């Protein structure tokens, strides 16, 4: 299981006559071998086939990346933005002060429209509550956004991606595999006689 035994422990047994193993990297859940002719991918613990052999000229690159469910990241960003706007608005804006110290009781009574005083009182109370509602709503949205961001971070996983010309990329878990090992596999894909233009690799 997972790179501890099986075919991936002896990829040379799957080589054709004259084919040689040039680089071999074992992962926690499989292995990758670059031979003189092909790229052998072992995924005994994954979904689908346990083994794939790809002609080496068709493999355009091998890389490693870390990522998670993008939808959680995008959704968390939206919640955080909304929460920040609401919280700042609730903290800075004084809706109750918009009406000012208005007193209409005496004048309203003189013209027989006492209901105006009640209306102003209602709006004053509503505006006072609006500040608090914005602040509470903003804090709540920030909490939701942080929770989604935490879930995205928790579900992040390192993945080794094998790019195949004209086909879907082959992916397998890359936990425990160093970046240097993946770079070694990628450099091994260079055709015989290729000149390395990076002086640091010479």
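Numbering (the numbering used here), first residue to last: -10 to 191. Even glycine gets a Cβ: it sits at the ideal position worked out from N, Cα and C. Just so you know, these numbers come straight off a predicted model, no measurement behind them.
Spatial neighbours of residue i in its chain, beta-carbon cut-off 6 Å, leaving aside the 5 residues before and after
| i | result |
| --- | --- |
| residue 178 | 48 |
| residue 30 | 21, 41 and 159 |
| residue 152 | 49, 50 and 158 |
| residue 127 | 72, 75, 76 and 79 |
| residue 61 | 137, 140 and 141 |
| residue 147 | 55, 163 and 164 |
| residue 154 | 47 and 49 |
| residue 8 | 24, 25 and 26 |
Helix, strand or coil at residue i [DSSP, three-state]
| i | result |
| --- | --- |
| residue 65 | helix |
| residue 15 | strand |
| residue 29 | strand |
| residue 50 | strand |
| residue 6 | coil |
| residue 56 | strand |
Residues near residue i in its chain [Cβ-Cβ closer than 7 Å; skip 5 each side]
| i | result |
| --- | --- |
| residue 197 | This structure cannot settle anything about residue 197, because the visible part of the chain is limited to -10 through 191. |
| residue 136 | none |
| residue 134 | 65, 68, 69 and 72 |
| residue 63 | none |
Nonlocal neighbours in the same chain, by C-beta distance under 8 Å from residue i, ignoring five residues either side
| i | result |
| --- | --- |
| residue 131 | 68, 69, 72, 73 and 76 |
| residue 149 | 16, 21, 51, 52, 53, 160, 161, 162, 163, 166 and 171 |
| residue 168 | 53 |
| residue 0 | 10, 13, 20, 22, 24, 29 and 31 |
| residue 83 | 120 |
| residue 129 | 72 |
| residue 156 | 47 |
| residue 125 | 79 |
| residue 5 | 26 |
Exposure of residue i, with buried meaning 16 or more beta-carbon neighbours within 10 Å
| i | result |
| --- | --- |
| residue 123 | buried |
| residue 46 | exposed |
| residue 65 | buried |
| residue 37 | exposed |
| residue 101 | At residue 101, the pLDDT of 49 sits below 50, so the modelled position is not reliable and the matter cannot be decided from this model. |
>> For a minimum of 4 consecutive residues, which ranges assigned as the alpha helix (DSSP H) are wholly contained in the segment 108 to 188?
In response: 168 to 177
> Does the segment 157 to 165 come close enough to the segment 13 to 26 that 3 or more CB-CB pairs lie under 8 Å?
Replying inline: yes
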